[in-house]
Structures are given as C-alpha cells and as structure tokens.
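With the numbering used here applied, the sequence shown covers 141 to 259.
Here's the structure, in structure tokens; my notes come after.
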Amino acid sequence: MGVRPLLRVSKAQATHLFRFITHVNISLNPWSEFRLASTREFWRAISVPRLRKANPKCVINVETHSKKVAPMVAVKYLDGSSQTFEPEKLDVVEIMSDIHQHARVINAKYEDEGKELEA
C-alpha cells in the first residue's frame with residue numbers, strides 16, 4: 141500500500157469547494173499534552189474572511205474543554221455526508237487535502253446532475 145498523493149488546490153478552487161461545507165466542529169483542550177498544531181492551523185485556515193464570505197451559512201463550532209481527550213475535527217457537507225479527523229495524527233495539509241477531495245466529488249456530482257449552488 142503506497143502513500144496517497146495530497147490534493148493541492150488554488151485559493152480560488154479552495155474558496156469554491158468551501159461552499160460545499162455546511163458545518164465544521166472542532167474540539168480541543170488547549171492545555172493538553174496532545175499535539176494541537178494541526179487543529180489550530182485548520183481552525184485558522186477556515187476562519188479567513190475569504191472563506192467566511194464565500195460561505196456565510198457554514199457553521200463553525202469550536203469547543204474548548206479541559207478533558208484529556210485528543211483533538212477532533214468533524215466536517216459535514218451539503219449532500220449530507222461527513223468526515224471526522226484526528227488532527228493529532230494528521231498534518232493540516234492532509235486534512236485540507238481530504239476535505240478538498242471530498243468536496244470535489246460533491247462538486248462533480250452537482251455538475252453531472254445540473255445542480256448549481258445558491259449564491
């Protein structure tokens with residue numbers, strides 16, 4: 141089993157693909173011993189004004205707690221599907237790549253069915 145190549149997209153493509161996301165839930169303990177760099181960087185990356193403007197209906201929930209639980213990122217999409225990530229084990233580029241790949245599949249499905257996203 142080989143290493144899966146990462147999907148790289150331009151800022152314009154990332155902005156378009158972000159429109160297929162409906163909810164993002166981030167859970168973390170900022171004082172834990174778990175690796176939080178990927179979680180924090182993902183949170184920062186999806187909070188940029190360009191993405192918020194592209195999809196103002198996307199709900200981003202961030203839960204900070206004091207439990208000794210690994211950080212978690214959950215993403216729900218327009219078609220009802222979802223993905224859950226363990227950022228402690230993944231780099232932010234891997235998380236974003238998986239999200240972009242999934243959103244591209246949904247985008248292709250919408251194009252095949254002749255559907256368009258609301259503006």
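Idealized CB from N, CA, C, for every residue including glycine.
These figures come from a predicted structure and were not determined experimentally.
- request: Could you name the residues of the same chain whose beta carbon sits closer than 6 angstroms to that of HIS205, not counting the 5 residues immediately before and after it, in chain order?
  value: ASN169
task: Would you please state the rounded distance, in angstroms, between the beta carbons of ASN195 and PHE225? I believe it to be under 8 angstroms.
output: Going by Cβ atoms, the distance from ASN195 to PHE225 rounds to 19 angstroms, so no, they are not a contact pair.
task: Can you tell me which of the three DSSP states GLU226 falls into?
output: coil
field: the segment 176-184 / the segment 214-222 touching (three or more Cβ pairs under 8 angstroms)
entry: no
query: Which class does ALA214 belong to by DSSP, given the choice of helix, strand or coil?
result: strand
message: Based on DSSP bridge pairs, tell me the residues matched to ILE302.
response: Outside the displayed span of the chain (141 to 259) sits residue 302, for which this structure offers no information.
message: In the DSSP assignment, the alpha helix (DSSP H) including ARG148 goes from what residue to what residue?
response: Element bounds for ARG148: n/a, residue is neither H nor E.
Span separating the alpha-carbon of GLY142 from that of GLU234: Because the pLDDT of GLY142 is 48, which lies under 50, any placement of that residue in the model is unreliable, and the number read from its coordinates should be weighed accordingly. Taking the straight line joining both Cα atoms gives about 15 angstroms.
message: Suppose the cutoff is 8 angstroms on Cβ atoms and the five residues either side in sequence are ignored; what does the same chain contact list for VAL199 look like?
response: THR162, HIS163 and VAL164
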